[in-house]
Structures are given as structure tokens and as C-alpha cells.
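K.L.:
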Amino acid sequence: MNFASLRAFLAEGAAVLAKGPIALVFVEDTVEIASTVTHHAKIGFREIVVLHPAEIAPPPEVAAAAHWVVCDTLAPGAVPAVVNAVAAAAPAGTWLYYCYNAEYLFFPFCETRTVGEMLGFHAEERRDAMLAYVVDLYAPDLGRHPDAVSLEEAMLDRSGYYALARPDPETGHPKERQLDFFGGLRWRFEEHVPKQRRRIDRIALFRAAKDLRLREDHSFSAEEYNTYACPWHHNLTAAIASFRTAKALKANPGSTFAIPGFTWHGSARFDWTSQQLMDLGLMEPGQWF
3 MNFASLRAFL AEGAAVLAKG PIALVFVEDT VEIASTVTHH AKIGFREIVV
53 LHPAEIAPPP EVAAAAHWVV CDTLAPGAVP AVVNAVAAAA PAGTWLYYCY
103 NAEYLFFPFC ETRTVGEMLG FHAEERRDAM LAYVVDLYAP DLGRHPDAVS
153 LEEAMLDRSG YYALARPDPE TGHPKERQLD FFGGLRWRFE EHVPKQRRRI
203 DRIALFRAAK DLRLREDHSF SAEEYNTYAC PWHHNLTAAI ASFRTAKALK
253 ANPGSTFAIP GFTWHGSARF DWTSQQLMDL GLMEPGQWF
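Structure follows, in C-alpha cells:
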């Protein structure tokens, strides 16, 4: 279905939000829209809602695979505003997920299990949200792929990731079970990335709840949603394989000419499997086997 605006979707799309898990895909440009929709349909999202600027038309090959909502996704604060509006409209407890075009969700064993099965287990562990690491992907040859995007030759960093304690602004002490994670292109080219955008952690999967608010820094108003695990053991985490940072670094006039290539001694070919991400420590299976 097509909706002329977010307001129209919220007024007429109640059936779409009736049962999750639901994926919200925010389109920023024309790159890999179809592959993003196809990937998330393949891993089992019940509904996929694509929010796109009016000047970007739905690719014909996936037009029937998602619901298309015209939205100015590049406006300041647009993403948290939309996520919060959808979360408020969805039934309490509905699992929601959000990402951007040219981003691909992976979770442990996603080749043989659906996202619904994974979230069912996660909910049984009394978890209402799931931490995801945004793992930067990039093309190895910017001469052949000037936008830094290549699904067939995608590379990722196999090292260079780290975490710092997340201080409570009121007390100055570290927050319980919350960390700020860094790495990938945002770490290697940090001089081109604003400080507030260098983190790679994102609470990408969460359950709708009354008065819940997503903030600009990809954290939520409910502090337990921002934790990486429960108090008694490790929990599942996910990864979002993303070309978004590479695209931005090559599209930005301030960085494009300063970066002749993204590959370095820590690069490895991405094989598009959850096992590789687990082996690199970029995803945690927790107690799910």
C-alpha cells in the first residue's frame, strides 16, 4: 500500500501495525532500497514500512513487498519523530525495528531462524529491547564503486572496536549495564565525523510502550531499554551491516577527496553470515543455541 504522508499512514494503516515484528526503513537516497526491503522480508518481518522522500519512487521489483509512506526523512529530527509516532500508534508490546536503506539486520542463526522466533526467545528472558552494533561495510575499490557500495565485494573491519563506560550526566558515575561502543569507519575517520555521531550502538529492536521516546542519539527514555544485557546473564545482541557511513564519507565534500580508500590491514571480506559476525565478537548469541 502507498500512503501520501505519515499522518495518512497512522490514520489508515492500523492493520499494518496490529502485529509485529514490524520493520521501519528510512530511505535517504536511492542506493540499495530494493535489497534492503528484500533482506528484511527474507528474515521474517511480518510487515515492512518504507518511509521515503516524495522524489524517490518505490523500486518496482519490491513495490508489493512493503508499505510505502511519503516522508521527509532528511528533515532534522525526522527519524525519532516517526519512530515515536509509530510506537505510540502500535499496540503495547509490539516489536518494532528501524534502519536506513543500505542497512541489513543480522542476528545469531538468522540463516535458519526468523526474527520473530528470535524475539520470542528474547521476550521470554524478560527483555523489551535489543542492542545492535552498526557494522560499517564498504567497497574495496572506490574507483569502481565511487559511492562506496558493493554488495558482492563488501568489506568490514575485523578489529578496532572498543567500548567506554556511559556516564550518568546527573551523577557522573557510569550507568548500569550501559556502554558507548565505537569502531569501524567512524573510528578510523573520526576527524570527519561529528563527536555525537561516532557511536556504533543502536537500540534497533524494541517493544512499543506507553510514553516511550526514542532520542536523537538512538537511545530511549526508558533506561532499561538502553542496557546491553539483563543483570543475571548475557543476552542476545544483533548487528546491522551498514553502508551508511561509507556513503556519507564519500558524498560529503569535506571528506570525499581526503579518503582515497577505506581498506586497511584490518579489513576482511564480509561473507553475509551471522557466524562471521559472531566470530568477530560483533554479535552475542547469549543463551540461545
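Converting from the sequence shown to my numbering requires adding 2 to each position, the first position being numbered 1. Glycine is no exception: its CB is placed at the ideal position from the N, C-alpha and C atoms.
#1: Which value, in whole angstroms, describes the spacing of the CA atoms of GLY162 and SER257?
#2: Quick check: the Cα distance between PHE109 and TYR230, rounded to an integer number of angstroms?
#3: Mind checking MET120: buried by the 16 CB within 10 Å criterion, or exposed?
#4: Locate the beta strand (DSSP E) running through LEU8, then write down its first and last residues.
#5: Which residues does DSSP pair with PHE259 in a beta bridge?
#6: Please determine, among LEU284, ALA92, ARG271, the residue with the shortest C-alpha to C-alpha distance to ALA141.
#7: Just reading off the alpha helix (DSSP H) that SER223 is part of, what are its end residues?
#8: Might you give, ordered along the chain, the residues of its own chain that have their beta carbon closer than 7 Å to the beta carbon of ILE202, omitting 5 neighbours on each side?
#9: Name the DSSP beta bridge partners of GLU154, please?
#10: Please work out which residues of its chain come closer than 6 Å, Cβ to Cβ, to PHE28, disregarding the five sequence neighbours upstream and downstream, and give them in chain order.
#11: Quick test of the definition: if touching needs 3 or more C-beta pairs under 8 Å, does the region 167-176 touch the region 257-268?
#12: Out of VAL195, SER152, ASN254, ASP130, which one is the CA nearest neighbour of ASN237?
#13: Closest by CA to ARG200, which one among ALA206, ARG215, HIS220, LYS212?
#14: Once DSSP output is grouped into helix, strand and coil, what is the label at ASP281?
#15: Return the chain-ordered list of same chain residues with a C-beta closer than 6 Å to the C-beta of GLY288, the five sequence neighbours on each side being excluded.
#16: Sort VAL18, ASN86, ALA240, GLU34 by Cα distance to GLU63 and report the nearest one.
#17: Below 7 Å CB to CB, which residues in the same chain sit around ALA240 once its five sequence neighbours on both sides are set aside?
#18: Under a Cβ-count criterion, where at least 16 other Cβ atoms within 10 Å of its own Cβ denotes burial, should PRO23 be classed as buried or exposed?
#19: Can you tell me where the alpha helix (DSSP H) with LEU53 in it begins and where it stops?
#20: Looking only at its own chain, which residues have a Cβ that is under 8 Å from the Cβ of HIS41, when we skip the five neighbours before and after it?
#21: Do ALA87 and LEU216 come within 8 Å of each other at the CB atom, strictly closer than that value?
#22: Could you check if HIS124 is buried or exposed, using at least 16 other CB atoms within 10 Å of its CB as the buried criterion?
#23: List in chain order: all unbroken beta strand (DSSP E) runs of 3+ residues lying wholly within the region 58-83.
#24: Just to confirm my understanding: we take LYS212, look at its own chain, exclude 5 residues before and 5 after, and list those with CB closer than 7 Å. What are they?
#25: Can you tell me where the beta strand (DSSP E) with ALA206 in it begins and where it stops?
P.N.:
Reading off the structure:
#1: Walking along the sequence shown from the start, residue 162 turns up at place 160. Walking along the sequence shown from the start, residue 257 turns up at place 255. The alpha-carbon separation between GLY162 and SER257 amounts to approximately 21 Å.
#2: The sequence position of residue 109 within the sequence shown is 107, counting from 1. The sequence position of residue 230 within the sequence shown is 228, counting from 1. Taking the straight line from one Cα to the other gives about 14 Å.
#3: As a first step, residue 120 must be located in the sequence shown, where it is residue number 118. Buried, because 16 or more other Cβ atoms sit within 10 Å of the Cβ of MET120.
#4: The count along the sequence shown starts at 1 and reaches residue 8 at position 6. Counted as a single uninterrupted DSSP element, the stretch harbouring LEU8 is not any beta strand (DSSP E) but the alpha helix (DSSP H) occupying residues 8-14.
#5: Taking the sequence shown and counting its residues from 1, one reaches residue 259 at position 257. Beta-bridge pairing links PHE259 to no other residue.
#6: The residue given as residue 141 occupies position 139 in the sequence shown. ALA141 has its Cα closest to that of ARG271, out of LEU284, ALA92, ARG271.
#7: By 1-based counting over the sequence shown, the position of residue 223 is 221. Segment: none, SER223 is in no alpha helix (DSSP H) and carries neither H nor E.
#8: Numbered from 1 along the sequence shown, position 200 holds the residue referred to as residue 202. Close CB contacts of ILE202 within its chain, under the 7 Å cut and outside five residues either way in sequence, are with TYR135, VAL136, PHE183, PHE184, GLY185, GLY186, ARG188 (chain order).
#9: For the purposes of this step, residue 154 is taken as the residue at position 152 of the sequence shown. GLU154 pairs with nothing; no bridge assigned.
#10: Within the sequence shown, numbered from 1, the residue matching residue 28 stands at position 26. Its chain contains LEU53, THR75, VAL81, TYR102 as the residues whose beta carbon lies nearer than 6 Å to that of PHE28, once the 5 sequence neighbours on both sides are disregarded; these appear in chain order.
#11: No, they do not touch.
#12: As a position in the sequence shown, residue 237 is number 235, starting the count at 1. Considering only alpha carbons, the answer is ASP130.
#13: In the sequence shown, residue 200 corresponds to position 198, counting from 1. Distance check between ARG200 and each of ALA206, ARG215, HIS220, LYS212 places HIS220 closest, using alpha-carbon atoms only.
#14: By 1-based counting over the sequence shown, the position of residue 281 is 279. Helix.
#15: Here residue 288 corresponds to residue number 286 of the sequence shown, with the count starting at 1. In the same chain as GLY288, and ignoring 5 residues on each side of it, the C-beta atoms closer than 6 Å to its own belong to HIS236, ASN237, LEU238, in chain order.
#16: Your numbering for residue 63 matches position 61 in the sequence shown. Closest option to GLU63, Cα to Cα, is GLU34.
#17: Reading the sequence shown from its first residue, position 238 is the one you call residue 240. Excluding five sequence positions before and after ALA240, the CB atoms of its chain that fall closer than 7 Å to its own CB belong to LEU107, PHE108, PHE109, MET132, ALA134, ALA206, LEU207, MET285, given in chain order.
#18: In the sequence shown, the residue the question calls residue 23 occupies position 21. PRO23 should be labelled buried.
#19: Position 51 of the sequence shown, counting from 1, holds the residue named residue 53. No alpha helix (DSSP H) holds LEU53; the beta strand (DSSP E) holding it covers 49-54.
#20: As a working note, residue 41 is residue 39 in the sequence shown. Result list for HIS41: TYR106, LEU107, in chain order.
#21: Position 214 of the sequence shown, counted from the start, is the residue given in the question as residue 216. Position 85 of the sequence shown, counted from the start, is the residue given in the question as residue 87. Between LEU216 and ALA87, the C-beta gap is not smaller than 8 Å, which leaves the two residues out of contact.
#22: Within the sequence shown, residue 124 is the residue found at index 122, counting from 1. Buried is the call here.
#23: As far as the region 58-83 is concerned, its whole beta strand (DSSP E) runs of at least 3 residues are 69-72.
#24: For the purposes of this step, residue 212 is taken as the residue at position 210 of the sequence shown. In chain order, ALA94 place their CB closer than 7 Å to the CB of LYS212, counting only its own chain and leaving out the 5 sequence neighbours on each side.
#25: Position 204 of the sequence shown, counted from the start, is the residue given in the question as residue 206. For ALA206, the uninterrupted beta strand (DSSP E) segment begins and ends at 203-209.
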